[in-house]
Amino acid sequence: MKQDLLAPWVLQALEEIATKAPYGDGRVSIGLAFDGFWLPKEIIVPFFDKAKSLGIKVITTHCLGGPTGDGQSIAATLDAYGLLDSSILLSHVIKVPISDVALIKAANAHISSTPSTELQMMGTPMAFSPTHDFQSHASLGIDCHSATSGSMVSEMRLLLQSARGVHNTSISDAGKIPWHINKTVGETFNLATISGARAIGEEANIGSLAEGKLADIVIFDSLSPAMVGAAQQDPVAAVVLHSSPADIDMLIVDGVVRKDNGELRSVEIVADDAKWAGNRSSLKWADVAKEIIMRRKVIAEKLAKIDMVNAQEGAMKAFHYNRDLLADSV
1 MKQDLLAPWV LQALEEIATK APYGDGRVSI GLAFDGFWLP KEIIVPFFDK AKSLGIKVIT
61 THCLGGPTGD GQSIAATLDA YGLLDSSILL SHVIKVPISD VALIKAANAH ISSTPSTELQ
121 MMGTPMAFSP THDFQSHASL GIDCHSATSG SMVSEMRLLL QSARGVHNTS ISDAGKIPWH
181 INKTVGETFN LATISGARAI GEEANIGSLA EGKLADIVIF DSLSPAMVGA AQQDPVAAVV
241 LHSSPADIDM LIVDGVVRKD NGELRSVEIV ADDAKWAGNR SSLKWADVAK EIIMRRKVIA
301 EKLAKIDMVN AQEGAMKAFH YNRDLLADSV
(Lines of atoms letter the chains of each structure in order from A and count residues from 1; the text may use other names and numbers.)
(Lines give C-alpha, C1' and ligand atoms only; values in the text may rest on other atoms or scores of the structure.)
Protein backbone atom coordinates (compact mmCIF):
# COMPACT_ATOMS: atom_id res chain seq x y z
CA MET A 1 0.00 0.00 0.00
CA LYS A 2 1.52 3.27 -1.13
CA GLN A 3 1.92 6.00 1.47
CA ASP A 4 2.44 9.00 -0.85
CA LEU A 5 -0.95 10.52 -0.06
CA LEU A 6 -0.16 13.94 -1.49
CA ALA A 7 1.56 13.02 -4.74
CA PRO A 8 1.28 15.73 -7.43
CA TRP A 9 -1.41 13.81 -9.28
CA VAL A 10 -3.53 13.71 -6.10
CA LEU A 11 -3.42 17.48 -5.70
CA GLN A 12 -4.13 17.96 -9.39
CA ALA A 13 -7.12 15.63 -9.26
CA LEU A 14 -8.47 17.32 -6.13
CA GLU A 15 -8.28 20.74 -7.75
CA GLU A 16 -9.91 19.51 -10.95
CA ILE A 17 -12.77 17.78 -9.14
CA ALA A 18 -13.36 20.66 -6.72
CA THR A 19 -13.39 23.38 -9.37
CA LYS A 20 -16.08 21.48 -11.31
CA ALA A 21 -18.35 21.18 -8.27
CA PRO A 22 -21.17 21.09 -7.45
CA TYR A 23 -22.48 17.97 -9.16
CA GLY A 24 -25.88 16.37 -9.61
CA ASP A 25 -27.72 19.61 -10.37
CA GLY A 26 -26.27 21.16 -7.23
CA ARG A 27 -27.10 18.29 -4.88
CA VAL A 28 -23.52 17.04 -4.44
CA SER A 29 -20.63 19.14 -3.17
CA ILE A 30 -17.06 18.00 -2.56
CA GLY A 31 -15.61 17.06 0.81
CA LEU A 32 -12.16 15.84 1.79
CA ALA A 33 -11.16 12.70 3.69
CA PHE A 34 -7.68 12.84 5.21
CA ASP A 35 -5.84 10.46 7.54
CA GLY A 36 -2.21 11.39 6.94
CA PHE A 37 -1.38 12.84 10.33
CA TRP A 38 2.03 11.20 10.38
CA LEU A 39 3.03 13.91 7.89
CA PRO A 40 4.66 17.06 9.31
CA LYS A 41 2.65 20.15 10.20
CA GLU A 42 4.43 22.06 7.41
CA ILE A 43 2.71 19.81 4.86
CA ILE A 44 -0.67 19.30 6.52
CA VAL A 45 -1.56 22.95 7.21
CA PRO A 46 -0.94 24.22 3.64
CA PHE A 47 -2.87 21.22 2.28
CA PHE A 48 -5.91 22.01 4.43
CA ASP A 49 -5.66 25.68 3.46
CA LYS A 50 -5.55 24.67 -0.20
CA ALA A 51 -8.60 22.45 0.18
CA LYS A 52 -10.60 25.25 1.80
CA SER A 53 -9.53 27.69 -0.91
CA LEU A 54 -11.10 25.29 -3.42
CA GLY A 55 -14.46 25.62 -1.67
CA ILE A 56 -14.27 22.40 0.33
CA LYS A 57 -16.34 22.95 3.46
CA VAL A 58 -16.20 19.53 5.13
CA ILE A 59 -13.02 17.65 6.04
CA THR A 60 -13.35 14.27 7.71
CA THR A 61 -10.82 12.00 9.35
CA HIS A 62 -10.81 8.80 11.38
CA CYS A 63 -10.40 9.61 15.07
CA LEU A 64 -9.40 6.58 17.14
CA GLY A 65 -7.74 6.28 20.51
CA GLY A 66 -6.53 3.19 22.31
CA PRO A 67 -4.16 0.74 20.59
CA THR A 68 -5.48 1.59 17.12
CA GLY A 69 -4.81 5.29 17.60
CA ASP A 70 -1.07 4.96 18.12
CA GLY A 71 -1.30 7.31 21.12
CA GLN A 72 -2.21 10.33 18.99
CA SER A 73 -5.22 12.56 19.69
CA ILE A 74 -6.35 13.73 16.27
CA ALA A 75 -8.52 16.46 17.81
CA ALA A 76 -5.57 17.76 19.84
CA THR A 77 -3.30 17.65 16.78
CA LEU A 78 -5.80 19.59 14.68
CA ASP A 79 -6.24 22.11 17.49
CA ALA A 80 -2.48 22.57 17.86
CA TYR A 81 -2.20 23.19 14.11
CA GLY A 82 -5.01 25.76 14.17
CA LEU A 83 -7.19 23.50 11.99
CA LEU A 84 -9.89 22.34 14.41
CA ASP A 85 -13.01 24.29 13.42
CA SER A 86 -16.56 23.78 12.16
CA SER A 87 -15.30 22.24 8.91
CA ILE A 88 -14.00 19.17 10.76
CA LEU A 89 -16.11 16.00 10.99
CA LEU A 90 -14.43 13.26 13.04
CA SER A 91 -15.40 9.65 12.34
CA HIS A 92 -15.96 7.19 15.21
CA VAL A 93 -14.05 9.06 18.00
CA ILE A 94 -13.63 5.77 19.87
CA LYS A 95 -11.49 5.52 23.03
CA VAL A 96 -10.33 9.13 22.83
CA PRO A 97 -9.25 11.13 25.91
CA ILE A 98 -12.02 12.96 27.75
CA SER A 99 -10.24 16.24 26.96
CA ASP A 100 -11.24 15.79 23.30
CA VAL A 101 -14.86 16.56 24.22
CA ALA A 102 -14.11 20.14 25.27
CA LEU A 103 -11.78 20.70 22.30
CA ILE A 104 -14.38 19.54 19.77
CA LYS A 105 -17.22 21.52 21.32
CA ALA A 106 -15.19 24.71 21.67
CA ALA A 107 -14.22 24.55 17.99
CA ASN A 108 -17.80 23.67 16.93
CA ALA A 109 -16.43 20.59 15.18
CA HIS A 110 -18.61 17.46 15.05
CA ILE A 111 -18.40 13.68 15.25
CA SER A 112 -20.10 10.95 13.26
CA SER A 113 -20.97 7.62 14.88
CA THR A 114 -21.41 4.53 12.70
CA PRO A 115 -22.82 1.93 15.12
CA SER A 116 -22.56 -1.22 12.95
CA THR A 117 -18.82 -0.77 12.44
CA GLU A 118 -18.06 0.47 15.92
CA LEU A 119 -19.92 -2.32 17.71
CA GLN A 120 -18.23 -4.88 15.46
CA MET A 121 -14.68 -3.54 15.64
CA MET A 122 -14.04 -0.87 18.24
CA GLY A 123 -16.43 -0.62 21.17
CA THR A 124 -19.35 1.60 22.15
CA PRO A 125 -20.68 4.23 19.69
CA MET A 126 -19.88 7.65 21.10
CA ALA A 127 -22.94 9.65 20.04
CA PHE A 128 -24.68 8.41 23.21
CA SER A 129 -21.55 7.78 25.26
CA PRO A 130 -22.11 7.66 29.04
CA THR A 131 -18.59 9.00 29.65
CA HIS A 132 -17.96 11.46 26.79
CA ASP A 133 -20.79 13.98 26.34
CA PHE A 134 -20.57 14.42 22.57
CA GLN A 135 -24.32 14.33 21.87
CA SER A 136 -24.78 18.04 21.11
CA HIS A 137 -22.04 17.81 18.47
CA ALA A 138 -22.75 14.28 17.25
CA SER A 139 -24.36 12.84 14.15
CA LEU A 140 -25.20 9.39 12.84
CA GLY A 141 -23.66 7.87 9.73
CA ILE A 142 -23.08 4.67 7.79
CA ASP A 143 -19.63 3.26 7.25
CA CYS A 144 -18.62 0.59 4.72
CA HIS A 145 -21.65 -0.46 2.66
CA SER A 146 -19.68 -3.55 1.60
CA ALA A 147 -19.56 -4.81 5.18
CA THR A 148 -22.61 -3.31 6.93
CA SER A 149 -26.16 -2.31 6.11
CA GLY A 150 -26.77 0.90 4.19
CA SER A 151 -29.96 1.51 6.17
CA MET A 152 -29.94 4.61 8.35
CA VAL A 153 -32.88 3.35 10.41
CA SER A 154 -30.89 0.20 11.21
CA GLU A 155 -28.09 2.41 12.52
CA MET A 156 -30.58 4.42 14.58
CA ARG A 157 -31.88 1.25 16.19
CA LEU A 158 -28.43 -0.17 16.88
CA LEU A 159 -27.26 3.07 18.46
CA LEU A 160 -30.30 3.47 20.68
CA GLN A 161 -30.53 -0.10 21.92
CA SER A 162 -26.79 -0.52 22.45
CA ALA A 163 -26.74 2.71 24.50
CA ARG A 164 -29.65 1.48 26.56
CA GLY A 165 -27.86 -1.83 27.08
CA VAL A 166 -24.71 -0.14 28.35
CA HIS A 167 -26.74 2.11 30.66
CA ASN A 168 -28.83 -0.75 32.04
CA THR A 169 -25.78 -2.97 32.58
CA SER A 170 -24.26 -0.42 34.93
CA ILE A 171 -27.48 -0.44 36.96
CA SER A 172 -27.92 -4.22 37.05
CA ASP A 173 -24.23 -4.69 37.92
CA ALA A 174 -24.94 -2.61 41.02
CA GLY A 175 -27.72 -5.02 42.00
CA LYS A 176 -30.51 -2.66 40.92
CA ILE A 177 -33.33 -2.86 38.38
CA PRO A 178 -33.48 -0.26 35.56
CA TRP A 179 -36.51 1.97 36.15
CA HIS A 180 -36.72 4.28 33.12
CA ILE A 181 -35.30 3.63 29.66
CA ASN A 182 -32.26 5.69 28.71
CA LYS A 183 -32.24 7.94 25.61
CA THR A 184 -35.30 8.49 23.42
CA VAL A 185 -36.39 7.73 19.88
CA GLY A 186 -36.61 11.49 19.28
CA GLU A 187 -32.98 12.06 20.23
CA THR A 188 -31.95 9.18 17.98
CA PHE A 189 -34.03 10.40 15.04
CA ASN A 190 -32.49 13.86 15.34
CA LEU A 191 -28.96 12.43 15.17
CA ALA A 192 -29.81 10.91 11.79
CA THR A 193 -31.53 14.03 10.41
CA ILE A 194 -31.04 17.61 11.61
CA SER A 195 -27.91 16.78 13.63
CA GLY A 196 -26.37 15.21 10.53
CA ALA A 197 -27.12 18.36 8.57
CA ARG A 198 -25.63 20.48 11.36
CA ALA A 199 -22.46 18.37 11.37
CA ILE A 200 -21.72 19.39 7.78
CA GLY A 201 -22.89 22.98 8.14
CA GLU A 202 -26.04 22.47 6.07
CA GLU A 203 -28.78 22.74 8.69
CA ALA A 204 -30.24 25.78 6.89
CA ASN A 205 -30.78 23.70 3.75
CA ILE A 206 -31.41 20.08 4.74
CA GLY A 207 -32.09 17.90 7.78
CA SER A 208 -35.74 18.83 8.34
CA LEU A 209 -38.88 19.54 6.36
CA ALA A 210 -39.60 23.24 5.94
CA GLU A 211 -40.60 25.55 3.10
CA GLY A 212 -37.52 26.51 1.10
CA LYS A 213 -35.38 23.63 2.35
CA LEU A 214 -33.88 21.01 0.03
CA ALA A 215 -34.20 17.90 2.20
CA ASP A 216 -35.12 14.61 0.55
CA ILE A 217 -38.61 13.46 1.51
CA VAL A 218 -39.00 9.85 2.68
CA ILE A 219 -42.59 8.63 3.00
CA PHE A 220 -43.16 5.44 4.99
CA ASP A 221 -46.12 3.12 4.53
CA SER A 222 -47.87 3.36 7.88
CA LEU A 223 -49.99 0.29 7.05
CA SER A 224 -47.12 -2.08 6.26
CA PRO A 225 -46.91 -5.22 8.42
CA ALA A 226 -43.94 -3.75 10.30
CA MET A 227 -45.40 -0.27 10.83
CA VAL A 228 -49.15 -0.69 11.33
CA GLY A 229 -50.30 0.17 14.82
CA ALA A 230 -46.95 1.58 15.86
CA ALA A 231 -47.11 4.35 13.23
CA GLN A 232 -50.54 5.47 14.40
CA GLN A 233 -49.39 5.53 18.04
CA ASP A 234 -45.95 7.19 17.64
CA PRO A 235 -44.63 7.79 14.09
CA VAL A 236 -41.06 8.54 15.22
CA ALA A 237 -40.91 5.41 17.37
CA ALA A 238 -42.30 3.42 14.45
CA VAL A 239 -39.52 4.65 12.16
CA VAL A 240 -36.70 4.16 14.68
CA LEU A 241 -37.79 0.87 16.26
CA HIS A 242 -39.89 -0.92 13.64
CA SER A 243 -39.11 0.21 10.09
CA SER A 244 -36.76 -0.93 7.35
CA PRO A 245 -36.14 0.37 3.80
CA ALA A 246 -38.86 -2.04 2.65
CA ASP A 247 -41.41 0.17 4.41
CA ILE A 248 -40.52 3.24 2.34
CA ASP A 249 -43.40 3.80 -0.06
CA MET A 250 -42.15 6.98 -1.78
CA LEU A 251 -38.88 8.90 -2.00
CA ILE A 252 -38.59 12.43 -3.40
CA VAL A 253 -35.11 13.79 -4.18
CA ASP A 254 -34.73 17.39 -5.38
CA GLY A 255 -38.41 17.46 -6.26
CA VAL A 256 -38.20 14.27 -8.36
CA VAL A 257 -39.98 11.08 -7.31
CA ARG A 258 -37.32 8.35 -7.23
CA LYS A 259 -39.35 5.63 -5.52
CA ASP A 260 -43.09 5.18 -5.83
CA ASN A 261 -45.45 2.51 -4.57
CA GLY A 262 -42.47 0.78 -3.00
CA GLU A 263 -40.49 0.45 -6.25
CA LEU A 264 -37.45 2.38 -7.47
CA ARG A 265 -38.14 4.33 -10.64
CA SER A 266 -35.94 4.25 -13.71
CA VAL A 267 -33.33 7.01 -13.97
CA GLU A 268 -33.02 8.98 -17.19
CA ILE A 269 -29.45 9.22 -18.51
CA VAL A 270 -28.03 12.60 -19.51
CA ALA A 271 -25.01 13.06 -21.75
CA ASP A 272 -22.55 13.60 -18.89
CA ASP A 273 -23.53 10.25 -17.36
CA ALA A 274 -23.45 8.21 -20.57
CA LYS A 275 -20.10 6.64 -19.69
CA TRP A 276 -21.80 4.81 -16.82
CA ALA A 277 -24.72 3.52 -18.88
CA GLY A 278 -23.38 2.75 -22.36
CA ASN A 279 -25.99 3.35 -25.03
CA ARG A 280 -28.95 3.26 -22.65
CA SER A 281 -31.24 6.26 -22.33
CA SER A 282 -32.42 5.10 -18.90
CA LEU A 283 -31.42 2.69 -16.15
CA LYS A 284 -33.73 0.40 -14.22
CA TRP A 285 -32.74 -0.98 -10.84
CA ALA A 286 -32.49 -4.42 -12.47
CA ASP A 287 -29.79 -3.01 -14.79
CA VAL A 288 -27.83 -1.68 -11.82
CA ALA A 289 -28.19 -4.95 -9.90
CA LYS A 290 -26.96 -6.95 -12.89
CA GLU A 291 -23.88 -4.73 -13.14
CA ILE A 292 -23.14 -5.09 -9.42
CA ILE A 293 -23.33 -8.88 -9.62
CA MET A 294 -21.02 -8.92 -12.63
CA ARG A 295 -18.47 -6.68 -10.90
CA ARG A 296 -18.64 -8.75 -7.72
CA LYS A 297 -17.64 -11.78 -9.79
CA VAL A 298 -14.72 -9.90 -11.37
CA ILE A 299 -13.49 -8.71 -7.97
CA ALA A 300 -13.82 -12.21 -6.49
CA GLU A 301 -11.68 -13.62 -9.31
CA LYS A 302 -9.00 -11.01 -8.64
CA LEU A 303 -9.10 -11.65 -4.90
CA ALA A 304 -8.55 -15.37 -5.48
CA LYS A 305 -5.15 -14.54 -6.99
CA ILE A 306 -3.97 -12.43 -4.05
CA ASP A 307 -1.69 -13.77 -1.32
CA MET A 308 -3.86 -12.80 1.63
CA VAL A 309 -1.14 -13.45 4.20
CA ASN A 310 1.17 -10.93 2.55
CA ALA A 311 -1.74 -8.56 1.96
CA GLN A 312 -2.60 -8.69 5.65
CA GLU A 313 0.98 -7.91 6.62
CA GLY A 314 1.04 -5.00 4.18
CA ALA A 315 -2.21 -3.59 5.53
CA MET A 316 -1.01 -3.87 9.13
CA LYS A 317 2.22 -2.11 8.25
CA ALA A 318 0.36 0.66 6.42
CA PHE A 319 -1.92 1.26 9.41
CA HIS A 320 0.95 0.89 11.91
CA TYR A 321 -0.68 -2.01 13.77
CA ASN A 322 1.40 -3.87 16.34
CA ARG A 323 0.81 -7.62 15.91
CA ASP A 324 1.60 -8.17 19.60
CA LEU A 325 -1.57 -6.25 20.48
CA LEU A 326 -3.90 -8.48 18.44
CA ALA A 327 -6.13 -10.77 20.51
CA ASP A 328 -9.31 -12.83 20.21
CA SER A 329 -9.89 -12.81 23.96
CA VAL A 330 -8.34 -11.46 27.16
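Sequential numbering of the sequence shown, starting at 1, is according to UniProt numbering.
No residue lacks a Cβ here, since even glycine has one placed at the ideal position from N, Cα and C.
Check: Keeping to the same chain, check which residues put their C-beta closer than 6 Å to that of K297; ignore five residues upstream and five downstream.; Outcome: none
Check: My output table needs one value for D328: the three-state DSSP class, helix, strand or coil.; Outcome: coil
Check: Using DSSP with H/G/I as helix, E/B as strand and the rest coil, what is I43?; Outcome: helix
Check: Answer yes or no: do I94 and L64 have a C-beta to C-beta separation smaller than 8 Å?; Outcome: yes
Check: Among H92, A315 and T68, which has the Cα closest to the Cα of I111?; Outcome: H92
Check: Out of S53, H167 and A199, point me to the one whose CA is closest to V176's CA.; Outcome: It is worth fixing the name first, because residue 176 is Lys in this sequence and not Val. The residue with the shortest Cα to Cα distance from K176 is H167.
Check: Please report the distance separating the alpha-carbon of D254 from that of S162.; Outcome: 34 Å
Check: My output table needs one value for G122: the three-state DSSP class, helix, strand or coil.; Outcome: Correcting the residue type first, residue 122 is Met in the shown sequence and not Gly. Looking at M122 - three-state DSSP - the assignment turns out to be coil, as it is neither helix nor strand.
Check: For a test of the three-state rule: what should DSSP assign to V153, helix, strand or coil?; Outcome: helix
Check: With 16 as the cutoff for other CB atoms within 10 Å, does L209 come out buried or exposed?; Outcome: exposed
Check: Run the CB neighbour count on T114, radius 10 Å, all protein chains shown included, and call it buried at 16 or more, exposed below.; Outcome: buried
Check: Express the C-alpha separation of L159 and A192 in angstroms, rounding to a whole number.; Outcome: 11 Å
Check: Taking the Cβ atom as the reference point for each residue, do G36 and V58 lie within a distance shorter than 8 Å?; Outcome: no
Check: Quick one: residues in its chain with C-beta nearer than 6 Å to the C-beta of P125, no 5 flanking neighbours on either side, listed in chain order?; Outcome: S113, P115, E118 and L159
Check: One question on the structure: do P97 and S73 come within less than 8 Å of each other, judged by their Cβ atoms?; Outcome: yes
Check: Considering only DSSP beta bridges, list what A33 is partnered with.; Outcome: T60
Check: Would you mind stating whether T68 and A33 have Cβ atoms separated by less than 8 Å?; Outcome: no
Check: Please return the same chain residues whose Cβ sits closer than 8 Å to the Cβ of V236, not counting the five positions on each side in sequence.; Outcome: V185, G186 and F189
Check: Considering only the alpha carbon of each residue, which of L140, L84 and S282 lies closest to V270?; Outcome: S282
Check: Is the Cβ-Cβ distance between S139 and S195 less than 8 Å?; Outcome: yes
Check: Can you give me the Cβ contacts of A51 inside the same chain, cut-off strictly under 6 Å, excluding the 5 residues immediately before and after it?; Outcome: L32
Check: With the cut-off set at 8 Å, would you say R164 and I181 are in Cβ contact?; Outcome: yes
Check: Between the C-alpha atoms of A246 and W285, what's the straight-line distance to the nearest angstrom?; Outcome: 15 Å
Check: What does H92 pair with, by DSSP beta-bridge criteria?; Outcome: C63
Check: Provide the residue(s) that pair with H110 in DSSP beta bridges, ordered along the chain.; Outcome: L89
Check: State the Cα-Cα distance for the pair D234 and F220, rounded to the nearest angstrom.; Outcome: 13 Å
Check: What is the DSSP secondary structure of D249, reduced to helix, strand or coil?; Outcome: strand
Check: I88 and L103: beta carbons closer than 8 Å?; Outcome: no
Check: Once DSSP output is grouped into helix, strand and coil, what is the label at K219?; Outcome: According to the sequence shown, residue 219 is Ile rather than Lys. Strand at I219.
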